[in-house]
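**Student:** Before anything else, here's the structure in question.
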Amino acid sequence: MKFALIFDIARSLMLARFRQTLIAAIGVTFSITMFIALLGFMNGLNSLLDGLILNRTPHIRLYNEIKPNEKQPLLLSEEFRNSYPFIHSIKPSGGRIEIHNALAIMAELKKDNRILGVSPKIVSQVFFNSGSVDITGVINGVDIDQETRLYAFNDYVIDGKSSDLKLVPNSIILGKAAAQTMMLNIGDLVQVTTPTGERMQLKIVAFFQSGLQELDKTQSYASISTTQKLMGKSNNYISEIQIKLHDMNKAPALAKQFAEIFNVQATDIQTANSQFETGSSVRSIISYAVGITLLIVAGFGIYNILNMMIYEKLDTIAILKATGFSGKDVNRIFITIALTIGIFGAVFGLLLGYLSSYGIDQIPFETEALPTIKTYPVAYNISFYVIGGVFALVTTYLAGFFPARKAGRVDPVVIIRGK
Amino acid sequence: METPALAAKNIVKYFSDPVTVKVLNDVSFSVNRGEFVSVIGKSGCGKSTLLYILSTMDTEYQGELYIDGENMKLKDHSQLADVRNEKIGFVFQFHYLLNEFSVLKNVMLPALKLARLSHEEIEFKAMEKLKLLGIENEARKKANQLSGGQKQRVAIARALINDPLIIMGDEPTGNLDKKNSDIVFDIFKQLASEMKQTLLIVTHDQEFANKTDRIIEMEDGAIIRQ
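Keeping their order, the protein sequence lines are chains A and B.
Count the first sequence with the working numbering and you get residues 34 to 452, in order.
Count the second sequence with the working numbering and you get residues -8 to 217, in order.
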């Protein structure tokens, strides 16, 4: 049986009920459009929110944790070898928070080809002295080049140049909120006091704004050497090594490995920020659910229209069968109608979906929190289009399947005798 | 002896709704090639029921049906559809043309389904059939733009398109006035005499039947005279 004839008959039936067919196709178009726009927007927003935290967070952090020594002196004593001691009021010992042999570890890590970059960090509590008031804050000693390369630091610098940090000796980058509290501007000096009592005047070279008010009020950045000088430590004092990987998903395994090799504490990003991943996947699920619901509703529309068409066209079906078309041929005619509606609906839906994504992408969206974002974020992921297209075809096929089967089973004798 | 175009052997048919009624009782007859046969009888005597069994559309019966020597009981639904397509032409009381298509396309459809000739050959042949029936000028019109008599002639052209072994008619003149009935009858007569077309026409019109070669008369589901 030639497909051309089946298609010809299907086309004639559709043209005879052009308006209904069009409405069915518009239903599919609308749902695909919404599906694409919704998913694009949701995922754009997801990656923006993830980026807010995840881009700025190292995949693995190596550090020394202050904690009680696991090997207490009592356990070494021969006398109590066979006893089970209960020791009260253990205090953390050592107090050594720098990483032992940090420079050698970093040199070793840089050779690993799974690692995108390694950056050192020193974190210390400080007080900013403003007049007679002391404001608590945190100073981060960083390698500003690595920070810019790996964690998009420049995205959050709103005034001044971050690279001045390594050019100007004794310089600092302050959070915008902290600077406003202390009425400071770029080029001003700020007095910093460490918990151990060291004092230093630092020159402000830039302001940053992360979007998280709490961070902007307390955090500040200086170069590694400035921080070491401030704390009165030698130039191999590094309290934290941050690692960014090529593949974020390897972080938990590698963290464990590095912790053993270098005898330090290691935390991976998944453990540290598990709530973000949960949030993203829930948002994705919601947008998929809404999109698929829309498609199913459109599917019911097609089902209804085909069912009505079959009731209207009982005579046609009967005579086709009387003149030699088999039930299978009639079935194929109605499946062809359903799929044609699906294909047209899907093609226009994907196109309109792309256009509306593009439209959303043009809407201005300016927020204090995100200095680099100017319009609403939209993701253009090819997989949304593939899923949308495939699902439209599957839904319309299923919507056509039962009416088509019914049409195939129409008994011509009953119809013809009924006249 | 030549195989008859159509042969029915001991056909019995029950209707079971709402109570079981025997509508056909042991009907046996055959139609030879080139014969113009009419089946007459009063309303409800089972003549239409018989025709639908003979046409292979109704498959729930007992007994045997041979078309062109082949036993129809041995075929499945899609094979029966092929038999109807190739060997049987239908003319119903109501014309059953498809309003979505032009007159020409209506005539062409069964041949397109058979797909033995190319599209152009089928179109040419359909025009020939329309010319034979004197309605070639209406070929490009939609089916619903024609008069009742013209529609019935288109239906006959459609029945003829695959050069069927037998043409079956169920009250083909039932909906027509005297003038148009005469035209349709003359066409049948001409097909039978000039083209040796086998015809089996169910009618309750005694006058129509009297002009055919052979009359099969039915009463209460059985043949009483043939």
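Positions of the beta carbon are idealized from the N, C-alpha and C atoms, including for glycine.
Every value quoted in this text rests on a predicted model; they were computed, and no experiment measured them.
1) Could you check which residue in A:E131, A:L388, A:K439, A:V190 has the C-alpha nearest to that of S267 (chain A)?
2) Could you tell me the alpha carbon to alpha carbon distance between A379 (chain A) and I152 (chain B), rounded to whole angstroms?
3) Whose Cβ in chain B lies nearer than 9 Å to the Cβ of S80 (chain A)?
4) Using beta-carbon positions only, say whether S256 (chain A) and A211 (chain A) come within less than 8 Å of one another.
5) Quick one: residues in its chain with C-beta nearer than 6 Å to the C-beta of A227 (chain B), no 5 flanking neighbours on either side, listed in chain order?
6) Looking only at DSSP bridge pairs, what is T189 (chain B) linked to?
7) Counting only beta-carbon atoms, is F63 (chain A) nearer than 8 Å to chain B?
8) Using the Cβ count rule (16 or more neighbours within 10 Å means buried), how would you classify N282 (chain A)?
9) So, with DSSP's three-state summary, where would you put V3 (chain B)?
10) Look up A255 (chain A) in the DSSP assignment and give the residues it is bridged to.
11) I want to see whether chain A comes within less than 8 Å of K4 (chain B), judged by CB atoms only; does it?
12) Please determine, among A:A371, A:G164, A:Y184, A:T251, the residue with the shortest C-alpha to C-alpha distance to L431 (chain A).
13) Go ahead and label G125 (chain B) buried or exposed: buried means 16 or more other beta carbons lie within 10 angstroms of its beta carbon, across all protein chains shown.
14) In chain order, what residues of the same chain lie with their CB nearer than 6 Å to the CB of R232 (chain A), ignoring the 5 residues before and after it?
15) Only counting runs of 4 or more residues, tell me where the alpha helix (DSSP H) segments fall wholly within the region 297 to 337 of chain A, in order along the chain.
16) With hydrogens ignored, establish whether the beta-carbon of K33 (chain B) is closer than 7 Å to any heavy atom of the ligand MN.
17) Under the three-state reduction of DSSP, which class applies to G360 (chain A): helix, strand or coil?
18) In chain A, which residues lie less than 7 Å from H68 (chain B) when you measure between Cβ atoms?
19) Using the Cβ count rule (16 or more neighbours within 10 Å means buried), how would you classify Y117 (chain A)?
20) Going along the chain, which residues of its own chain have a beta-carbon closer than 6 Å to the beta-carbon of R89 (chain A), five neighbours each way excluded?
21) Is the beta carbon of P91 (chain A) less than 8 Å from the beta carbon of K277 (chain A)?
22) Tell whether a beta-carbon distance below 8 Å holds between M139 (chain B) and N97 (chain B).
23) Quick one, which of A:F434, A:F161, A:E180, A:T373 has its alpha-carbon nearest L263 (chain A)'s?
24) Given that a residue counts as buried once 16 or more other Cβ atoms are within 10 Å of its Cβ, and exposed if not, what is G433 (chain A)?
25) Spell out a yes or no on whether the region 157 to 175 of chain B and the region 105 to 122 of chain B are touching, meaning 3 or more CB-CB pairs, one atom from each, closer than 8 Å.
26) Closer than 8 Å, CB to CB, is K35 (chain A) near chain B or not?
27) Residues in the same chain with beta-carbon distance under 6 Å from I350 (chain A), minus the five sequence neighbours each way, listed in chain order, please.
28) Can you list, in chain order, the residues of its chain with a C-beta nearer than 6 Å to that of K143 (chain A)? Leave out the 5 residues immediately preceding and following it.
29) Closest to A355 (chain A) by C-alpha separation, out of B:M159, B:P(-5), B:I174, B:I178, would be which residue?
30) Taking its Cβ as the centre, do 16 or more other Cβ atoms sit within 10 Å of Q217 (chain B), making it buried, or is it exposed?
31) Along the region 81 to 98 of chain A, where does the CB come closer than 9 Å to a CB of chain B? Name the residues.
32) Quick check on I56 (chain A): does DSSP put it in helix, strand or coil?
33) Tell me Q224 (chain A)'s beta-bridge partners as DSSP assigns them.
34) What does L46 (chain A) touch in chain B if you count any residue whose Cβ is under 8 Å from its own?
35) Taking R131 (chain B) as the query, report the chain A residues whose CB atoms sit under 7 Å from its CB, ordered along the chain.
**Tutor:** In this structure, then:
1) A:E131
2) 40 Å
3) Under the 9 Å cutoff, chain B gives no residues; its nearest Cβ is about 51 Å from S80 (chain A).
4) no
5) Residue coverage of chain B in this structure runs from -8 to 217, which leaves residue 227 (chain B) outside it and unanswerable.
6) B:I157
7) no
8) exposed
9) strand
10) A:G174
11) no
12) A:A371
13) exposed
14) T226
15) 302 to 305
16) The ligand MN is not among the ligands present in this structure, which contains no ligands whatsoever.
17) helix
18) S359, G360
19) exposed
20) Y184
21) yes
22) Note that residue 139 (chain B) is Gly in the sequence shown, not Met. No.
23) A:F161
24) buried
25) no
26) yes
27) V363, A440, V443
28) V151
29) B:M159
30) exposed
31) none
32) helix
33) A:N162, A:Q234
34) E91
35) Ordered by position in chain A, no residue passes the 7 Å Cβ test against R131 (chain B), which lies about 15 Å from the chain.
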